[in-house]
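Chains as they are written, first to last, in this note's numbering: chain C, 4 to 286; chain F, 266 to 417.
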């Protein structure tokens, strides 16, 4: 009896696999054109991007090529604020060149300097190319790096009730030294942290409930001082984002706290082009 | 003899149902996304597959047949619609794992950032339809699921 079943089962298996092939090819055969469109913009999305950037002055003068090239070998490393800038840049690149071929290593997991210099027992890592890995491994895997922009420290400031600037700036310096050793030919540039909006509201995840603009201002000064002492170039993002009252305008913020909106990110990108034009001389 | 026929019938039913599962194959990701766009109120998303598939998921161009990776065109949020058609079954396994990793990362991120999106992330849909793998993090997830079901 068993012998009779075997050929029947084989026949059934063959029939099923044939049916499966026929089913699979039919819907796919009609999709060659759509494969091409994957490389282009869906009209609605394109319109939105133009709307998001049509006030932009990104690289619009005669120094376009130079300023774009300035960023070709740049890597921007940062926290969730950098992630907002990254998303803005990736989208804007769909309609115009933006920051050359600069690459971004950013995360929204609340990464801190403490994570990056080994001061935490269970550190957060960047997730890059689909896997969590130390920043040193990520940067080692990237070719042609000539500049590393760092935007960090925010999560060190907010994750404890009473942060010590000395501890945080010492971590920053350690990270810069580690990266400089790893990439001796690259310039390390520190971006100062942005101000927050005027509102005193803080998200629940902020441990430091006294986090405000006076603390940020003092921290930024502390970072600048550390940079001056150690001849580290600074891109003063804080200054380019603050208004005359020293706060982040609401229009530059996406969450009523500190994370940048597209308008805020655009302001940073424009200031980076100015920085590039001056070859980073405006400290 | 009667038992033998019953056994054959049972095996036949099993095989047919298994084949039925395998036969479902979706159109190319661009078409699926077009159906989503026209069948929901979704708007203002932009395809960043050329950058984010590799940097966020580690999926290189050679690893898939076709893919889309849509994020919101303005501002940042956790909204993402990733649809990848793998080249074969083993490739689909790998891509599915990477999408799982992406969802875990989004969940972890939202603890410290964009916390307002936690409910949307909790209802995210990770699915496998033949060789097509999808991760849907969207306020329209239920409507999108219905669109996927319409292909069955």
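All C-beta atoms in this analysis are idealised placements derived from N, C-alpha and C, irrespective of residue type, glycine included. Computed from a predicted structure; not experimentally measured.
Answer with yes or no whether the minimum CB distance from residue i to chain F is below 9 Å.
i: residue 110 of chain C; result: yes
i: residue 81 of chain C; result: no
i: residue 212 of chain C; result: no
i: residue 241 of chain C; result: no
i: residue 269 of chain C; result: no
i: residue 338 of chain C; result: Outside the modelled stretch of chain C, which goes from 4 to 286, sits residue 338 of chain C, for which no answer is possible.
i: residue 107 of chain C; result: yes
i: residue 122 of chain C; result: no
i: residue 137 of chain C; result: no
i: residue 158 of chain C; result: yes
i: residue 150 of chain C; result: no
i: residue 223 of chain C; result: no
i: residue 258 of chain C; result: yes
i: residue 206 of chain C; result: yes
When you compare each of the options to residue i by their alpha carbons, which one comes out closest?
i: residue 394 of chain F; options: F:366, F:367, F:361, F:368; result: F:361
i: residue 173 of chain C; options: C:264, C:134, C:230, C:209; result: C:230
i: residue 144 of chain C; options: C:82, C:235, C:106; result: C:106
i: residue 117 of chain C; options: C:254, C:265, C:167; result: C:167
i: residue 226 of chain C; options: C:192, C:252, C:244; result: C:192
i: residue 209 of chain C; options: C:244, C:254, C:158, C:248; result: C:158
i: residue 365 of chain F; options: F:294, F:312, F:295, F:392; result: F:392
i: residue 239 of chain C; options: C:248, C:277, C:218, C:233; result: C:277
i: residue 357 of chain F; options: F:376, F:379, F:330; result: F:330
i: residue 104 of chain C; options: F:310, F:316, F:350, F:321; result: F:316
i: residue 136 of chain C; options: F:311, F:322, F:314; result: F:322
Mind checking residue i: buried by the 16 CB within 10 Å criterion, or exposed?
i: residue 258 of chain C; result: buried
i: residue 210 of chain F; result: No information on residue 210 of chain F is available, as it lies outside the stretch 266 to 417 that chain F covers here.
i: residue 72 of chain C; result: exposed
i: residue 270 of chain C; result: buried
i: residue 97 of chain C; result: buried
i: residue 275 of chain C; result: buried
i: residue 121 of chain C; result: exposed
i: residue 282 of chain C; result: exposed
i: residue 369 of chain F; result: exposed
i: residue 212 of chain C; result: exposed
i: residue 130 of chain C; result: buried
i: residue 83 of chain C; result: buried
i: residue 125 of chain C; result: exposed
i: residue 337 of chain F; result: buried
i: residue 248 of chain C; result: exposed
i: residue 246 of chain C; result: exposed
i: residue 156 of chain C; result: buried
i: residue 81 of chain C; result: buried
i: residue 180 of chain C; result: exposed
Taking Cβ to Cβ, would you say residue i is nearer than 9 Å to residue j?
i: residue 163 of chain C; j: residue 373 of chain F; result: no
i: residue 79 of chain C; j: residue 154 of chain C; result: yes
i: residue 160 of chain C; j: residue 196 of chain C; result: yes
i: residue 138 of chain C; j: residue 109 of chain C; result: no
i: residue 251 of chain C; j: residue 206 of chain C; result: no
i: residue 348 of chain F; j: residue 297 of chain F; result: yes
i: residue 352 of chain F; j: residue 396 of chain F; result: yes
i: residue 326 of chain F; j: residue 359 of chain F; result: no
i: residue 142 of chain C; j: residue 176 of chain C; result: no
i: residue 70 of chain C; j: residue 280 of chain C; result: yes
i: residue 416 of chain F; j: residue 292 of chain F; result: yes
i: residue 412 of chain F; j: residue 314 of chain F; result: no
Between which residues of its own chain and residue i is the CB-CB distance below 7 Å, once the five residues before and five after are set aside?
i: residue 318 of chain F; result: 324, 332, 334
i: residue 410 of chain F; result: 390
i: residue 76 of chain C; result: 147, 148, 149, 150
i: residue 256 of chain C; result: 200, 262, 263, 264, 267
i: residue 405 of chain F; result: 305, 306, 307
i: residue 202 of chain C; result: 259
i: residue 408 of chain F; result: 304, 305
i: residue 309 of chain F; result: 337, 338, 339
If you drop the 5 nearest sequence neighbours on each side, which residues of the same chain put their C-beta closer than 8 Å to that of residue i?
i: residue 204 of chain C; result: 259, 260
i: residue 385 of chain F; result: 343, 344, 402, 403, 404, 406
Would you say residue i faces chain C, with C-beta separation under 9 Å as the test?
i: residue 305 of chain F; result: no
i: residue 363 of chain F; result: yes
i: residue 338 of chain F; result: yes
i: residue 346 of chain F; result: no
i: residue 376 of chain F; result: yes
i: residue 373 of chain F; result: yes
i: residue 386 of chain F; result: no
i: residue 349 of chain F; result: no
If I measure Cβ to Cβ from residue i and keep anything under 6 Å in the same chain, skipping five residues before and after, which residues do I get?
i: residue 302 of chain F; result: none
i: residue 102 of chain C; result: 74, 92
i: residue 119 of chain C; result: 138, 178
i: residue 399 of chain F; result: 348, 392
i: residue 2 of chain C; result: The structure shown has nothing for residue 2 of chain C, since chain C only spans 4 to 286.
i: residue 47 of chain C; result: Confidence is the limiting factor: at residue 47 of chain C the pLDDT is only 31, short of 50, which leaves the residue's position unreliable and the question unanswerable from this model.
i: residue 290 of chain F; result: 395
For a contact defined as C-beta to C-beta under 9 Å, what are the partners of residue i on chain A?
i: residue 413 of chain F; result: Absent from the structure: chain A. Protein chains present are C and F.
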